[in-house]
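Chains as they are written, first to last, in the numbering used here: chain A, 1 to 140; chain B, 1001 to 1285.
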């Protein structure tokens, strides 16, 4: 993956955040089967794109809130933090080899999973599909 | 009976003694000719080879046989399994393969293994090469860096089948057809509790083969390694590094394929495997 300059990196981050906000709550909540697959998951979690955190409030598989930036003293159960470069690659269609899955990205140091991972691991495919909604063509 | 609807694959059971234990092993086969034994990936079963068994270009010259390791698919665990934790070791894996081939009376077969099957192919080449006509390792390396903690695969508060499938789903190439992607994941959803984890004991703990593959003679037993570009578990560079230590090995990096070539994208895989099988067929046994 090419290196980004500081300016282009900030622009990339902004563009990725906009894509995430556009694609994730609407994409999830309009997909009844995907919501059904997450029916056992109610959790507050953090998804970070570069330097920008998003708080996701998930209730029985539906996204009740997708908030850019964290409220003061906000708690979350688990976090998925990725570099802008990592998210950009993951959302390409098709994504390049070695950049195509959240674990491919953690293995190469472009993403980190933190906190209490039990709710994430118990709903892993649901969550993988959630974070790849911004990819044109949908989750793979 | 609608003969056209019937597939050519036949399934049977055979009793095999493995390291003193009686194992009832399920296997499937199709075709005639050179025996070609398929070794499935960790936590899965012989269904991964159904496309090879349905390919006339393969079965015209090869008797394709794939078995479920004990504890997997339709092969029960040995009697008394309920009192112990399953752990695959190098010795047990090699013994099972050799005992199965002997029980079927296979003379000088070709073996083709994927993932853990690819790792054991290297051990077979090292320790038992002359018993085989050729060896083919898919997603094969002497070692690869772990990318998750296997304790997630077997615990009370996470569904084992679902988490096994969700973890490996990223190892399938994005280009692989949905039908075959989800069929491959279904195999993982159906594994017994702790079986995938037990297989990975071999992969992660017992079989670090770095520096232990001396003496492989590819003039006696040709060795082929094929790895998918989208496999981030056994990465192409893992295979290439391994191959650099084995004189005469032939390596191919497969485009638009991940960790389960024969199962996730049979049409793409056959572009790579058929020339290898043709080369093996033309070699003198």
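Cβ atoms here follow ideal geometry from the backbone N, Cα and C, with glycine treated the same way.
Residue 1023 (chain B) sits in a strand when the DSSP states are folded into three classes. Residue 1277 (chain B) is not a Cβ neighbour of residue 1221 (chain B), given a cutoff of 7 Å. Within 7 Å of the CB of residue 121 (chain A), the CB atoms of chain B belong to 1152, 1158, 1163, in sequence order along the chain.
At the C-beta level, residue 1181 (chain B) and residue 1256 (chain B) stay beyond 7 Å of one another.
Look at the segment 59–89 of chain A: it has no residue with a C-beta under 9 Å from a C-beta of chain B. Here the segment 29–44 of chain A makes contact with the segment 54–61 of chain A; the two share three or more CB pairs at distances below 8 Å. Close to residue 1147 (chain B), with beta-carbon spacing below 9 Å, are these residues of chain A in chain order: 103, 104, 106, 107. Contact between residue 1123 (chain B) and residue 1200 (chain B) does not hold, since their C-beta atoms are separated by about 16 Å, which reaches or exceeds 8 Å.
Rounded to whole angstroms, residue 1060 (chain B) and residue 1117 (chain B) show a C-alpha spacing of 24 Å. Proximity to residue 1190 (chain B) across B:1153, B:1223, B:1030, B:1044 peaks at B:1044, based on C-alpha coordinates. Taking CB atoms only, residue 100 (chain A) has a neighbour in chain B less than 7 Å away. CA-to-CA, the gap between residue 1107 (chain B) and residue 1219 (chain B) works out to about 18 Å. For residue 52 (chain A), the closest C-alpha among the options A:38, A:69, A:36, A:28 is that of A:69. Contact between residue 1031 (chain B) and residue 1066 (chain B) does not hold, since the beta-carbon distance rounds to 11 Å and is not under 8 Å. One finds 97, 100 in chain A with Cβ atoms closer than 7 Å to the Cβ of residue 1230 (chain B), taken in chain order. DSSP, read as helix, strand or coil, puts residue 117 (chain A) in coil. When the beta-carbon positions are compared, residue 1036 (chain B) and residue 1125 (chain B) stay at least 7 Å from each other. In terms of Cα proximity to residue 80 (chain A), the closest of A:63, A:50, A:96, A:94 is A:50.
When DSSP states are grouped into helix, strand and coil, residue 1155 (chain B) belongs to the strand group. Residue 94 (chain A) reaches chain B at 1174, 1175, counting residues in chain order whose Cβ is nearer than 7 Å.
For residue 1132 (chain B), there is no enclosing alpha helix (DSSP H), as DSSP marks it with neither H nor E. When secondary structure is reduced to three states using DSSP, residue 1269 (chain B) falls in the helix class. Counting along the chain, residue 1167 (chain B) sits inside the alpha helix (DSSP H) bounded by residues 1160–1169.
If you draw a 10 Å sphere on the C-beta of residue 1063 (chain B), you find 16 or more other C-beta atoms in it, and that means buried. At the C-beta level, residue 1070 (chain B) and residue 1101 (chain B) stay beyond 7 Å of one another. A straight-line Cα-Cα distance of about 50 Å links residue 1053 (chain B) and residue 14 (chain A). Residues of the segment 1099–1118 of chain B with a C-beta atom less than 7 Å from some C-beta of chain A do not occur. Boundaries of the alpha helix (DSSP H) around residue 1261 (chain B): 1261–1264. Within chain A, 100, 101, 102, 103, 104, 128 have C-beta atoms less than 8 Å from the C-beta of residue 1170 (chain B), given in sequence order. In terms of Cβ geometry, residue 1046 (chain B) and residue 1028 (chain B) form a close pair [threshold 7 Å]. The segment 113–127 of chain A makes no contact with the segment 85–101 of chain A: fewer than 3 CB pairs, one atom from each, lie closer than 8 Å. Closest by C-alpha distance to residue 1283 (chain B), out of B:1085, B:1098, B:1016, B:1110, is B:1110.
Contact residues of the segment 1180–1202 of chain B toward chain A are absent (C-beta to C-beta distance below 7 Å). The beta carbon of residue 1050 (chain B) sits closer than 7 Å to those of 1009, all from its chain and outside the five residues before and after it, given in chain order.
At a cut-off of 7 Å between C-beta atoms, residue 14 (chain A) does not count as an interface residue with respect to chain B. For the pair residue 1174 (chain B) and residue 1228 (chain B), the CB atoms are not nearer than the 7 Å cut-off.
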